[in-house]
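K.L.:
Protein chains in written order, with this note's numbering: chain A, 30 to 419; chain B, 189 to 535.
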């Protein structure tokens, strides 16, 4: 019994000291994050957690925020809304961060009312949903890239140039992620003179897609745009489309423009295209990519061969956090309002080729590049220059 | 010398507050609950609220599964029905939050009664599958009845208020949660010692025998489903009002499993067990998060190994409980009480 009491007492004491020592270090600019480190989105969260740490450490090596060291704390949200929100509240209560990164669109929607009225932190997440790019409704939220609707815009603009009046199909999952840009996509098809002839819906991971392929064949679809999938059923659709004689080009948005999909497509990788927002890890002609590669080799050697696009997204988001912190601090004080103002003031900001020079527009960066899979190298090659939606 | 707590009548045996000491302990616990929000930060209060919603839902499920013996894998669906009912009533029909709560319970109870109808013909695993079907049917409705539920986008819910008094923060909402928890637990504790409660237990122990001694199975089984779903509906309505948003993602099948885990770990057929289970299932992952943070601090670079370990530890804890104390945390509590009942003169 005595041993138990001593053990419990020691544990509580350690916990107290741990919390106290951390609280003492809270004067500096602080960034907190909830990463989906475990669960179905862990493929992004593991790299994302590193990306944020790397970007902050790099910034601290360069003098932090005008000489002040940036603190970084994160927690695992398991890609579950309730776990993520609890982690957010815990991090906020412990560290009172100035900037906050969250794990999903769902969490962003749930937190939006409180971010606006209570927390007032500069906020971004693993999301490209419109909700985070509406400064009139959610002034503290931003997307370090294009929205899903912007990505559709980039793809449709590319298609309209390549084949005016083409027949288009949207192939999306029956999830929030899948449906998000569909209304905007319909509108843009009309504006660009493209024929939206089919909308196919499938489950994430669904394998029985024969009906959808036959429908697209019947409607003579020229281009099929996927949304709301990370991998399956994209590779199944492309493989089966060939079996059924469907002659159509397949394109995807950010989360399905990743190397692992090309690996799964094998020799058919050439037939897949997509839109991406950031340069790839293997595009080492850009100074920021070179820097990331050197840093990864030194600090995370097991990922030296490849870093995902999720890494680039979080790295870009953190770079914008740091820049906003520096500008707000220079202007006098760091607060939610000054950070939001500082973020919106970012124009032609050089990010070393990770993206073209960044100009924030509606708290997002509406720019993207069309890429095509290369079966030989297993990489995506750019087939367009950066396409901006102005 | 009279040593221990002996009862001379059945009425004494069924009393909720069985001794002065129990009254004192419960009084102290209530005092703690009243003082807690003044000492806790927003995160602790958030967790306290989540525990409160879990307690209400778990007590409801325990009435159905623990007391009446009707297993349900569709509890999350009833939580969802209550949540959507409240959200729709408040946002579309302009109901006040306070009025929407009983309606949320009633609509969920109605849904529960409909889903409970198969329980009159099927038992055990078959009933499991029937209630599982309910889970998927309601999930489908939440997503596809877009004109009512706004589909995957969800509904934003305003915070509750009484006149100019608003319940926005975790601390303010804590009082609402506490009120409903006390009400829910108090009603359940009274229900299980009433005629209906005894009928539930009789059905659980042997439904044929129960029918022979005059218990109307149709009435009591459906009542159990209705009451259980009423609790789930209220829990759902409170939960989504607290979160200020409701989407179909809130009510996955895994939530039903979590509720079952709560009552199994806490103790089937025990109101106190439901509370222990809800606290355990909600609090343990949070404590493990703290541990993983400490590990992250002292073993940087090994996050990929240690952070996912919390899931393993959580699973292991549940398995160990089931092996070493299949009657749940409530039984451990009983043993501790029994130890102190005769302390220091145990034999």
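A virtual CB, placed ideally from N, CA and C, is assigned to each residue, including glycine. This one's a predicted model, so the numbers in the text were calculated from it and none came from an experiment.
Hey, residue 416 of chain B and residue 251 of chain B: beta-carbon distance below 8 Å or not?
P.N.:
Yes. Within cutoff.
K.L.:
Are the CB atoms of residue 178 of chain A and residue 198 of chain A within a distance shorter than 8 Å?
P.N.:
no
K.L.:
Could you check which residue in B:302, B:440 and B:448 has the C-alpha nearest to that of residue 257 of chain B?
P.N.:
B:448
K.L.:
Please report how far the alpha carbon of residue 139 of chain B lies from the alpha carbon of residue 331 of chain A, in whole angstroms.
P.N.:
Outside the shown range of chain B (189 to 535) lies residue 139 of chain B, about which nothing can therefore be said.
K.L.:
Between residue 180 of chain A and residue 273 of chain B, what straight-line distance do the alpha-carbon atoms span, to the nearest angstrom?
P.N.:
36 Å
K.L.:
Can you tell me where the alpha helix (DSSP H) with residue 228 of chain A in it begins and where it stops?
P.N.:
Where residue 228 of chain A is concerned, there is no enclosing alpha helix (DSSP H), although the beta strand (DSSP E) it sits in stretches over 224 to 231.
K.L.:
Should the stretch 376 to 396 of chain B be called in touch with the stretch 243 to 260 of chain A, which here means at least 3 C-beta pairs below 8 Å?
P.N.:
no
K.L.:
Applying a beta-carbon distance threshold of less than 8 Å, which residues of chain B neighbour residue 142 of chain A?
P.N.:
344, 432 and 433
K.L.:
Does DSSP put residue 410 of chain A in a helix, a strand or coil?
P.N.:
strand
K.L.:
Assign residue 414 of chain B to one of three DSSP states: helix, strand, or coil.
P.N.:
In the structure shown, the three-state DSSP call for residue 414 of chain B is helix.
K.L.:
Along the alpha helix (DSSP H) that carries residue 326 of chain A, what are the first and last residues, could you check?
P.N.:
316 to 328
K.L.:
8 Å is my cut-off, CB to CB: does residue 66 of chain A come that close to chain B?
P.N.:
yes
K.L.:
Would you please state the rounded distance, in angstroms, between the beta carbons of residue 339 of chain B and residue 329 of chain B? I believe it to be under 8 Å.
P.N.:
That belief does not hold up - the Cβ atoms of residue 339 of chain B and residue 329 of chain B are roughly 11 Å apart, past 8 Å.
K.L.:
Do residue 344 of chain A and residue 80 of chain A count as a contact pair if the criterion is CB distance below 8 Å?
P.N.:
yes
K.L.:
Could you give the C-beta distance for residue 263 of chain A and residue 300 of chain A, rounded to a whole number, given that I count them as a contact under 8 Å?
P.N.:
At roughly 11 Å, the Cβ-Cβ gap does not stay under 8 Å, so residue 263 of chain A and residue 300 of chain A are not in contact.
K.L.:
Give, in chain order, every residue of the stretch 250 to 278 of chain B whose Cβ lies closer than 9 Å to some Cβ of chain A.
P.N.:
none
K.L.:
List, in order along the chain, the chain A residues whose C-beta lies closer than 7 Å to that of residue 474 of chain B?
P.N.:
115
K.L.:
Along the beta strand (DSSP E) that carries residue 238 of chain A, what are the first and last residues, could you check?
P.N.:
Where residue 238 of chain A is concerned, there is no enclosing beta strand (DSSP E), given that its DSSP letter is neither H nor E.
K.L.:
Can you look up residue 332 of chain B in the DSSP assignment and give me helix, strand or coil?
P.N.:
Three-state DSSP puts residue 332 of chain B in a helix.
K.L.:
Nearest-angstrom Cα distance between residue 341 of chain B and residue 530 of chain B?
P.N.:
58 Å
K.L.:
Could you tell me whether any Cβ in chain B is nearer than 8 Å to the Cβ of residue 229 of chain A?
P.N.:
False, the Cβ-Cβ gap to chain B never drops below 8 Å.
K.L.:
Under 8 Å: do the stretch 302 to 309 of chain B and the stretch 424 to 431 of chain B share three or more Cβ pairs, one atom per stretch?
P.N.:
no
K.L.:
Taking the alpha carbon of residue 137 of chain A as the point to measure from, which residue in A:111, A:98, A:272 and A:237 has its own alpha carbon closest?
P.N.:
A:111
K.L.:
Would you say residue 550 of chain B and residue 391 of chain B are within 8 Å of each other, going by their C-beta atoms?
P.N.:
Chain B is shown from 189 up to 535; residue 550 of chain B falls before or after that span and cannot be answered.
K.L.:
Which residues does DSSP list as the beta-bridge partners of residue 103 of chain A?
P.N.:
A:62
K.L.:
Name the DSSP beta bridge partners of residue 467 of chain A, please?
P.N.:
One cannot answer for residue 467 of chain A here, as it falls past the ends of chain A, which runs 30 to 419.
K.L.:
How about residue 466 of chain B and residue 239 of chain B: are their beta carbons less than 8 Å apart?
P.N.:
yes
K.L.:
Spatial neighbours of residue 483 of chain B within its chain, please: CB distance less than 7 Å, with the 5 preceding and 5 following residues excluded, ordered by chain position.
P.N.:
494
K.L.:
What does residue 146 of chain B touch in chain A if you count any residue whose Cβ is under 7 Å from its own?
P.N.:
Limits of chain B in this structure are 189 at one end and 535 at the other, which puts residue 146 of chain B out of reach.
K.L.:
Quick check: the Cα distance between residue 120 of chain A and residue 392 of chain A, rounded to an integer number of angstroms?
P.N.:
Those two C-alpha atoms are separated by around 24 Å.
K.L.:
Any beta carbon of chain A sitting closer than 8 Å to that of residue 329 of chain B?
P.N.:
False, the Cβ-Cβ gap to chain A never drops below 8 Å.
K.L.:
Quick check on residue 392 of chain A: does DSSP put it in helix, strand or coil?
P.N.:
coil
K.L.:
By a C-beta neighbour count over all protein chains shown, 10 Å radius and 16 as the cutoff for buried, is residue 260 of chain B buried or exposed?
P.N.:
Counting the other Cβ atoms within 10 Å of the Cβ of residue 260 of chain B gives 16 or more, which makes it buried.
K.L.:
Which residue from B:356, B:413 and B:384 puts its Cα closest to that of residue 230 of chain B?
P.N.:
Of B:356, B:413 and B:384, the smallest CA-CA separation from residue 230 of chain B is found for B:356.
K.L.:
Closer than 9 Å between beta carbons: that is the criterion. Which residues of the stretch 221 to 237 of chain B meet it against chain A?
P.N.:
Legend: CB atoms of the stretch 221 to 237 of chain B lying less than 9 Å from CB atoms of chain A belong to residues 229, 230, 231, 232, 233, 234 and 235.
K.L.:
Is residue 200 of chain B close to chain A, meaning its C-beta is less than 8 Å from at least one C-beta of that chain?
P.N.:
No, residue 200 of chain B does not count as interfacial toward chain A.
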